[in-house]
Amino acid sequence: MLIVKKFGGTSVANKERIFYVASRCVEEYLKGNDVIVVVSAMGKYTDELVSLAQDINEKPPKREMDMLFTIGEQMSAALMAMALNKLNVPAVSLNAFQIAMHTTSAHGSARLKRIDTERIRRELENRKIVVVTGFQGVNKYDDYTTLGRGGSDTTAVALAAALHADACEIYTDVDGIYTADPRKVPSARKLKEITYDEMLDLATLGAGVLHNRSVEMAKKYGVPLVVRSSMNNSEGTVVKEEVSVERMLISGVALDTDSVRIAVIGLKDVPGMAFKLFDLLAKKNINVDVILQSIGRHGTKDISFTVNGTDFDDAVSVLEAGKARLGYEELRAEKNIAKLSIVGAGMMSNPGVAARMFECLYNSGININMISTSEIRVTVLINEKDGVRAMNAVHDAFDLGD
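Under the working numbering, residue 858 is the last one in the sequence shown; the count climbs by one each step, no gaps.
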């Protein structure tokens with residue numbers, strides 16, 4: 457069997473944890489399995505690199521940030537390979553160049569295009585554990601790129617898909633996927649299994665356990681995912697196409713405090729205006745989430761939307777530069793917001809789910825600024841200071857706790 461194991465930053469934060477992870481990989485190897493280990497940067501090392509960069513330049517070029525960021529994963533991979541060798545198991549660390557993990561050129565949010573697997577297969581045939589740097593790739597100009605925060609998950613799933621692995625295991629500092637973040641909602645309950653679609657929405661909406669593009673890729677290529685703890689041997693959560701347990705109404709509640717809301721006021725109420733607005737943002741690789749357009753009055757309309765906080769400066773710059781083309785009156789931004797979401801395939805066949813959520817927030821005295829829905833999701837925009845309180849209230853309202 458071929459097993460891909462991904463370990464996050466907390467799992468490799470220090471010498472003791474590196475050796476603990478290495479010993480678990482050796483156990484798998486001694487069963488006769490081929491093992492690929494994908495690692496993130498140690499602990500909070502990426503945050504330290506961000507601080508270093510901003511101390512030099514408050515707005516560093518994204519290309520140079522990617523050059524800087526790749527240091528973290530290369531350090532983890534080399535140290536992990538050293539630990540495995542110390543445990544008398546042959547291992548080799550490989551970075552994105554050595555494997556050739558081809559990506560697009562969008563620095564900071566690149567997408568994987570293809571992986572050259574020849575080098576990895578050769579090392580596996582020589583019965584080595586292959587340790588791979590997560591999070592990074594190489595574009596057509598031979599520049600390093602990164603896949604965005606949490607991108608090591610996507611690296612692991614992509615390798616599992618390209619090499620037709622028998623399992624892809626994502627190890628983290630929690631022992632599975634919960635109905636809510638257990639650090640914010642004490643009553644949160646661990647799920648035995650969850651569908652790709654539900655996990656994709658939760659990951660996109662701020663759940664933080666898995667990178668959303670990793671779930672997207674796992675669904676596309678049918679890669680079986682297991683999320684489990686790197687600190688103990690407890691059973692994790694399986695992410696798959698269909699779940700066998702009785703369908704719950706709601707699978708989880710997610711809170712995202714990393715978004716900002718931008719309102720474009722006084723746009724002409726004519727066809728094509730929304731296209732012009734969002735086309736400008738798309739050309740700068742800025743993802744837009746919750747969108748609200750007002751009813752046109754007096755020949756004008758307003759459009760509000762959310763973007764990730766890291767894209768805020770770029771979004772404002774693009775819109776200000778395009779003011780003549782768009783012809784709006786005013787640009788407003790709000791940073792102290794939170795996106796609260798409920799996700800569950802069960803809501804497709806159960807009317808009144810949104811109403812129950814809104815009633816709960818009303819009873820808690822929490823104002824809703826914007827609403828967005830899909831077949832399996834309801835998202836509301838609220839004040840950031842109400843975020844954790846609202847998350848707990850909604851979690852209780854749907855009886856998701858233990």
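Where a beta carbon is used, it is the ideal one built from N, C-alpha and C, also for glycine. No experiment lies behind these values; they were computed from the predicted model shown.
For T502, the uninterrupted alpha helix (DSSP H) run begins and ends at 501-512, by DSSP.
Note that the C-beta distance between F553 and V594 is below 7 angstroms. In the DSSP annotation of this structure, the continuous segment of the alpha helix (DSSP H) that includes A811 starts and ends at 809-819.
No Cβ-Cβ contact shorter than 7 angstroms links Y627 with K646. Residue burial is scored here from C-beta neighbours: R567 has at least 16 other C-beta atoms within 10 angstroms and is therefore classed as buried. By alpha-carbon distance to D629, the top candidate from F854, F463, E785 is F463.
Looking at the backbone, the Cα of I824 and that of L817 are separated by about 8 angstroms. Close CB contacts of L540 within its chain, under the 6 angstroms cut and outside five residues either way in sequence, are with A478, A547, I585 (chain order). Residue pairing from DSSP places Y600 in a beta bridge opposite V594.
It is roughly 14 angstroms from the alpha-carbon of G755 to the alpha-carbon of G728.
Annotation for I474: V468, L535, M536, A539 place their beta carbon closer than 7 angstroms to its own, counting only its chain and skipping 5 residues before and after. In summary, K461 is buried, with 16 or more beta-carbon neighbours lying within 10 Å of its beta-carbon over all protein chains present. Note that the segment 837-849 touches the segment 790-797; at least 3 beta-carbon pairs, one per stretch, sit closer than 8 angstroms. Setting aside the 5 residues that flank it on each side, R669 is surrounded in the same chain by T610, each with a C-beta closer than 6 angstroms to its C-beta; the list follows chain order. Following the DSSP letters along the chain, one finds R753 in no alpha helix (DSSP H), marked with neither H nor E. Assignment of E691 by DSSP, reduced to helix, strand and coil, places it in the coil class. Where L550 is concerned, the enclosing beta strand (DSSP E) starts and stops at 547-550. For M673, the uninterrupted alpha helix (DSSP H) run begins and ends at 668-677, by DSSP.
Excluding five sequence positions before and after F814, none of the CB atoms of its chain fall closer than 6 angstroms to its own CB. Taking all protein chains in view, the Cβ of S830 is surrounded by fewer than 16 other Cβ atoms within 10 Å, so the residue is classified as exposed. Contact holds between the segment 610-626 and the segment 488-504, because three or more Cβ pairs, one in each stretch, are under 8 angstroms apart. Comparing C-alpha distances from L658 to each of E484, D599, V695, Y597 shows the shortest one belongs to V695. In this structure, G607 is the residue among G528, T601, G607, I742 with its C-alpha nearest to the C-alpha of L666. For D770, same chain residues with a beta-carbon under 8 angstroms away, outside a window of 5 residues either side, are K740, I742 in chain order.
Ranked by how close their Cα comes to the Cα of T502, the residues E520, R480, T526, P517 have T526 in first place. H851 is positioned such that its CB atom lies closer than 7 angstroms to that of V709.
Taking a cut-off of 8 angstroms on C-beta distances, the segment 710-725 touches the segment 780-789, as three or more cross pairs fall below it.
The three-state reading of DSSP puts S773 in helix, counting H, G and I together.
Nearest to L619 by alpha-carbon distance, out of I576, E654, T589, is I576. Burial state of Y600 is buried, judged by a 10 Å Cβ sphere holding 16 or more other Cβ atoms. DSSP places S830 in the strand class (E or B) of the three-state scheme. In this model, G590 and D855 are separated by some 37 angstroms (Cα to Cα). Residue burial is scored here from C-beta neighbours: S715 has at least 16 other C-beta atoms within 10 angstroms and is therefore classed as buried. Nearest in C-alpha terms to M847, of all of N551, L458, A644, is A644.
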